[in-house]
Each structure stands twice: as C-alpha cells, then as structure tokens.
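Participant: Take 174 as the starting number for the sequence shown in this note's numbering and just add one per residue. For every residue, glycine included, the Cβ atom is placed at its ideal position computed from N, Cα and C.
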Amino acid sequence: GHISGATSVDQRSLINSNVGFVTMILQCSIEMPNISYAWKELKEQLGEEIDSKVKGMVFLKGKLGVCFDVPTASVTEIQEKWHDSRRWQLSVATE
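1) Measure from the alpha carbon of residue 215 to the alpha carbon of each residue in 241, 245, 185, then state which is nearest.
2) How many angstroms separate the CA atom of residue 263 from the CA atom of residue 198?
3) Per DSSP, what kind of secondary structure is residue 196 in: helix, strand or coil?
4) Opposite residue 238 in the DSSP bridges: which residues?
5) Comparing C-alpha positions only, which one of 206, 200, 233, 226 sits nearest to residue 258?
6) Is residue 122 helix, strand or coil when you go by DSSP?
Now the structure itself:
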C-alpha cells in the first residue's frame, strides 16, 4: 500500500468493503432459531437505537452467531456498553 502512494488505511466492512464501517461478530453458544434472536440481545444490551446503526446482518455458519457492520465511529461506544455473557460474545471481526 505504501509503495502505491497510500497515506492512510480506511476502515472497511469485511462483508462488502464499504468504507467507514467495521464488521462485528456476535457469537452465540447455541444454534439460533432466527436472526431476530440476535437483534433481541443487541437491543437488550445496547438499546433500541442500535437498530439504526447495524447494517447487513447475516448468520455465521451453523447459525452460532451473526456478523454485521456498524459505523466506525460507533465501535468504541458499542464495546463500552456491551458485556459478554456465557451465551453471547461480541467482537470486532478480523477475517
């Protein structure tokens, strides 16, 4: 990247490469019956306003979690509010 003249690396979605988004993973210890199961937990911990920040939620393989994009500016706030439990773990995706 440096050789080509890039001066910074923009955060991008790992789902669709959109600039300004970070992909997060919400893992569940059991198979989820539907995607609204994940929405319910996100809203319970992070409040109803999370609805407007989450984009493109999809199941992980085996329905043991979901991944989704959030605006880069919201990541720190989400991480500060969120508390992992035995059933749910939230992290920033790395691949």
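Facilitator: Let's see:
1) 241
2) 6 Å
3) strand
4) 200
5) 200
6) Given a span of 174 to 268 for the chain in the structure shown, any question on residue 122 remains unanswerable.
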